[in-house]
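**Q** Quick one: the structure is below, questions incoming.
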Amino acid sequence: MTAFGGTRTTPPRRPESPFSSWSFVGVLLVALVLQLPTSFGRCGEPPLYQSMQLKGTPKSSYLPGEKIFYECKPGYYYSFNYVLKTFCEKNSTWFPVDEACYKKTCPQLGEPLNGEVVYVNGTTTFGSQAHYVCNEGYNLIGVDILYCNVSGNNVEWSDSPPQCEKILCQPPPQIANGEFTNSHKDTFEYNEEVTYRCKPSDGPDEYSLVGESKLVCSGRNQWSPDPPECKVVKCEYPALENGRLASGFGKKFQYKSEVTFECLEGFYLEGSSTIVCGADSTWEPKIPKCIKGFY
Ligand SMILES: *[C@@H]1O[C@H](CO)[C@@H](O)[C@H](O)[C@H]1NC(C)=O
Ligand SMILES: *[C@@H]1O[C@H](CO)[C@@H](O)[C@H](O)[C@H]1NC(C)=O
Ligand SMILES: *[C@@H]1O[C@H](CO)[C@@H](O)[C@H](O)[C@H]1NC(C)=O
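Counting in the UniProt record's numbering, the sequence shown runs from 1 upward without gaps.
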């Protein structure tokens, strides 16, 4: 009880002149007698705001009448010469104040060539995003999302805007025994097509084109689907015991040649009656059988 020794353990009723009044002493004595907690009549931690922050370090309690000052958070500004402050009221609540700072705005971004920019938040203020997309046939070079971020004392886009680069393809691959259209060109446009075909063969069997003949430039130096193969595909004569060919007669059976079988009288067919010469020179599905009896 070093009573009036300047240890301000309880709040003064009249902060203007706390130690000059006898009524203060009375209140103090009453408070001491009642052994009230030291935080009685005080305000707690300062209120938090989205756009403003406390100047200085916060304390856990404040005396009635005590003022606190705010400033705009980074990324925010206030346009008026207005002191952002509030004070602790007598009933231990903070005098309510409104958010007073506004989001700063990032500089206007230009429309990209061959693409567009979308302000997904409908604004270019602090915290908002700009999304870039390129037109069909163009590749985005750079980052596609820019953020309006704090930068020093101001706000700034997080990156420089990307560019939309025209998609081009180098010629598709050369293939053995084959060639493709426009092979003299050294670049192809997006969606441009080439058609492969097989060269005439020097030997007795022609080359078959296995795969897709048309390829399209579908991305930067990207052709789809994969290029075809030109190779000799030769299936053996599809001999069928107790049966015969019903269609697809020929001497040579090349890629995709199709034959149909039938069985002799008194035999029935087990398997597929139609088979096709596949890319690896075998019949697909395999040659059927003619089995004695009736189905
Ligand atoms: C405190 O006092 C103020 C002004 O006298 C009043 O507006 C506010 O509602 C009071 N708060 C409480 C919690 O009593
Ligand atoms: C902006 O929009 C994006 C995408 O809708 C969202 O994730 C983000 O929270 C928004 N930012 C603000 C500050 O509203
Ligand atoms: C910008 O802000 C975004 C969202 O808060 C964050 O993810 C990104 O890292 C920041 N970029 C820079 C360059 O500060």
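Glycine residues also receive a C-beta, built at the ideal position from the N, C-alpha and C atoms.
Predicted model only: the values in this text are computed from it and were never measured.
(1) Would you kindly report the start and end of the unbroken beta strand (DSSP E) that includes Ala-279?
(2) Excluding five sequence neighbours on each side, which residues of the same chain lie with their C-beta closer than 8 Å to the C-beta of Tyr-51?
(3) Starting from the N-terminal side, write out each stretch of the beta strand (DSSP E) that is 3 residues or longer and does not extend beyond the UniProt domain "Sushi" (104 to 166).
(4) Using the beta-carbon count (16 or more within 10 Å), is Ser-151 buried or exposed?
(5) Less than 8 Å between the C-beta atoms of Gly-41 and Pro-58, yes or no?
(6) The beta strand (DSSP E) spanning Trp-223 covers which residue range?
(7) Report the CB separation of Ile-287 from Cys-230 in whole angstroms; it is logged as a contact under 8 Å.
(8) So, with DSSP's three-state summary, where would you put Gly-178?
(9) Give the secondary structure of Gly-271 by DSSP, where H, G and I count as helix, E and B as strand, and everything else as coil.
(10) Which residues have a Cβ closer than 6 Å to any heavy atom of ligand 1, listed in chain order?
(11) Starting from the N-terminal end, write out each residue whose C-beta falls within a distance shorter than 7 Å of any non-hydrogen atom of ligand 2.
(12) Could you spell out where the beta strand (DSSP E) holding Ile-291 opens and where it closes?
(13) Between the beta-carbon of Phe-188 and the beta-carbon of Pro-171, is there less than 8 Å?
(14) Looking only at its chain, what residues have a beta carbon closer than 7 Å to the beta carbon of Lys-90, apart from the 5 residues adjacent to it on each side?
(15) Which same chain residues end up closer than 7 Å to Gly-248 when comparing Cβ atoms and leaving out the 5 residues on each side of it in sequence?
(16) Based on the DSSP secondary-structure assignment, which residues constitute the bridge partners of Gln-53?
(17) Using 8 Å as the threshold, is the region 225 to 243 in touch with the region 195 to 209, meaning 3 or more CB pairs across them?
(18) Could you pull the start and end residues of the beta strand (DSSP E) that Ala-246 belongs to?
(19) Alpha carbon to alpha carbon, how far is Ala-239 from Leu-168? Give it in angstroms, no decimals.
**A** Reading from the atomic positions:
(1) Neither: Ala-279 is in no beta strand (DSSP E) and is coded neither H nor E.
(2) Going by the sequence as given, residue 51 is Ser instead of Tyr. Annotation for Ser-51: Cys-72, Lys-73, Tyr-76, Glu-99, Ala-100, Cys-101, Tyr-102, Lys-103 place their beta carbon closer than 8 Å to its own, counting only its chain and skipping 5 residues before and after.
(3) Whole beta strand (DSSP E) segments, 3+ residues: 115 to 119, 129 to 134, 138 to 141, 145 to 151, 154 to 157, 163 to 166.
(4) With a threshold of 16 other beta carbon atoms within 10 Å, Ser-151 falls short and is exposed.
(5) No, the pair does not count as a contact, with Cβ atoms beyond the cut-off.
(6) First-last of the beta strand (DSSP E) with Trp-223: 222 to 224.
(7) That pair is no contact at about 26 Å.
(8) Looking at Gly-178 - three-state DSSP - the assignment turns out to be strand.
(9) Annotated three-state conformation of Gly-271 is coil, per DSSP.
(10) Here the residues come out as Glu-89, Asn-91, Thr-93.
(11) Qualifying residues, in the order they occur: Val-120, Asn-121, Gly-127, Ser-128, Gln-129.
(12) Taken as a continuous stretch (DSSP letters only), the beta strand (DSSP E) holding Ile-291 covers 289 to 292.
(13) Yes, these two residues count as a Cβ contact at 8 Å.
(14) Result list for Lys-90: Pro-64, in chain order.
(15) Same-chain partners within the cutoff: Ser-257, Glu-258, Val-259, Thr-260.
(16) Partner residues in the beta bridge of Gln-53, as assigned by DSSP, are Glu-71.
(17) Contact between the region 225 to 243 and the region 195 to 209 is present: 3 or more CB-CB pairs across the two stretches fall below 8 Å.
(18) Taken as a continuous stretch (DSSP letters only), the beta strand (DSSP E) holding Ala-246 covers 243 to 247.
(19) Whole-angstrom Cα-Cα distance: 51 Å.
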